[in-house]
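Asker: Below are the structure tokens for one structure; questions will follow.
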Amino acid sequence: MVDLEAADLSSLAEKARASGHWHFASDTEIEEICAKVKMPNVSIFNQVSAEKYDVQSIRVYGGHNGKSALLWNQAWIVTCKDHFDLHHFPFDIQALSIEFRQNDPKSWDLFDLRVRFVQFHKIALEMPEWQMLEPTVIKEGNKATSVELHVRRFYWYYIQNVVVSLLLLSSVSLVILTMKWTDLGSRVSTCLTLILSSIAYKFILSATLPKVPYNTIIDYYVLASTYLLFFMTWFSVLPHVISTCYDDASLGDRVNHILMIFSPCMVCVFFLAWVLLACIVCFKNSKHKPIYVVGGKNWYAFNFAIPLFMKGQPIKRAEL
Numbered sequence: 003m004v005d006l007e008a009a010d011l012s013s014l015a016e017k018a019r020a021s022g023h024w025h026f027a028s029d030t031e032i033e034e035i036c037a038k039v040k041m042p043n044v045s046i047f048n049q050v051s052a053e054k055y056d057v058q059s060i061r062v063y064g065g066h067n068g069k070s071a072l073l074w075n076q077a078w079i080v081t082c083k084d085h086f087d088l089h090h091f092p093f094d095i096q097a098l099s100i101e102f103r104q105n106d107p108k109s110w111d112l113f114d115l116r117v118r119f120v121q122f123h124k125i126a127l128e129m130p131e132w133q134m135l136e137p138t139v140i141k142e143g144n145k146a147t148s149v150e151l152h153v154r155r156f157y158w159y160y161i162q163n164v165v166v167s168l169l170l171l172s173s174v175s176l177v178i179l180t181m182k183w184t185d186l187g188s189r190v191s192t193c194l195t196l197i198l199s200s201i202a203y204k205f206i207l208s209a210t211l212p213k214v215p216y217n218t219i220i221d222y223y224v225l226a227s228t229y230l231l232f233f234m235t236w237f238s239v240l241p242h243v244i245s246t247c248y249d250d251a252s253l254g255d256r257v258n259h260i261l262m263i264f265s266p267c268m269v270c271v272f273f274l275a276w277v278l279l280a281c282i283v284c285f286k287n288s289k290h291k292p293i294y295v296v297g298g299k300n301w302y303a304f305n306f307a308i309p310l311f312m313k314g315q316p317i318k319r320a321e322l
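Sequential numbering of the sequence shown, starting at 3, is according to the numbering used here.
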């Protein structure tokens, strides 16, 4: 709040009250305001680049309680940097933090930095790979405030092209146990063919999966699928090895029958365990509400503070 009467700017307050709402300050009046009122110096702490999009403007509000207020407008195009954790990929939610700070220590006791609202155009909400979620504001005293923009990744592409494909490949390996256990060459050659196919497919996937120095949820699935094929290779020769060691052909048949029951159960347990892990991650991320595009609505605003010139007026959590 700026006391315009105390700053010898009562004429601007009178113009705002005479208009019934607000007065748009001219260039000359802006220079007069900047000369008599100490303006806050606000910047984005984690910005990479910033460019002024439009000239600054100042509105003078008459107020409903007899007090006047100044609204300073300045549009910027800003590029920010942040660290994104991909451990939960592709079921991850990312948050871009925009950190607003007052740079001038002399104005820290004069101004309380608050975010009035966060507004989106519907074009920003219509992304092919991400779904925009409701933003949050974290206030850090009167000199710093952070706005977090949350997005959720659409994961169905990875379910269809990675999870289902590797699940089918792992399921095909079960056919090996239906071959005669005495035909060791056919069993081993089939296993090696599936393993090489899995490795080739993994090279293709490397172009679409993130390259990070740790394993994501989808990486664990790909690795486990490869291990399943490795185990199936050992299972394919196990009946022959046991039958040879004990010189008992019937023992080889019994071992093969046991493996025909155990192997499908192993594949199902692995897949269900991974699905359970994915569901737990999705449940933890469900606290963030998505923003849905409504037909005919171009702007979506989320309010976090009521400015002085709107005190006493009803306000909703989200305005369309």
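Note that beta-carbon positions come from the ideal geometry of N, C-alpha and C, so glycine has one too.
Can you list, in chain order, the stretches of the alpha helix (DSSP H) that have 4 or more residues and sit fully within the stretch 155-239?
Answerer: Whole alpha helix (DSSP H) segments, 4+ residues: 166-174 and 186-207.
Asker: Got a sec, what are the start and stop residues for the alpha helix (DSSP H) LYS124 sits in?
Answerer: Note, LYS124: alpha helix (DSSP H), 124-127.
Asker: Below 9 Å between beta carbons: does that hold for ASP94 and ASP84?
Answerer: Contact: no.
Asker: Excluding the five sequence neighbours on either side, which residues of its own chain have a C-beta within less than 8 Å of the C-beta of LEU2, listed in chain order?
Answerer: The shown model of the chain, from 3 to 322, leaves out residue 2, and the question about it has no answer.
Asker: Kindly indicate which three-state DSSP category HIS259 falls into: helix, strand or coil?
Answerer: Correct three-state label for HIS259: helix.
Asker: If we require 4 or more residues per run, which alpha helix (DSSP H) segments fall completely within the stretch 73-140?
Answerer: Runs found: 124-127.
Asker: Between GLU131 and PHE156, how many whole angstroms is the CB-CB distance? I'm expecting something under 8 Å.
Answerer: The Cβ separation is near 6 Å, so the contact holds.
Asker: Give me the Cα-Cα distance between VAL174 and ILE197, rounded to the nearest whole angstrom.
Answerer: Those two C-alpha atoms are separated by around 11 Å.
Asker: In this structure, does DSSP put PHE264 in helix, strand or coil?
Answerer: Reduced to three states, the DSSP call for PHE264 is helix.
Asker: Between the C-alpha atoms of SER51 and VAL165, what's the straight-line distance to the nearest angstrom?
Answerer: Taking the straight line from one Cα to the other gives about 39 Å.
Asker: Mind reading off the beta-carbon distance from CYS193 to THR235? Whole number of angstroms is fine, and I expect it under 8 Å.
Answerer: Right, their Cβ atoms sit about 4 Å apart.
Asker: By the 10 Å Cβ neighbour count, where 16 or more other Cβ atoms means buried, how is THR218 classified, buried or exposed?
Answerer: Counting Cβ neighbours within 10 Å, THR218 comes out buried, since at least 16 surround it.
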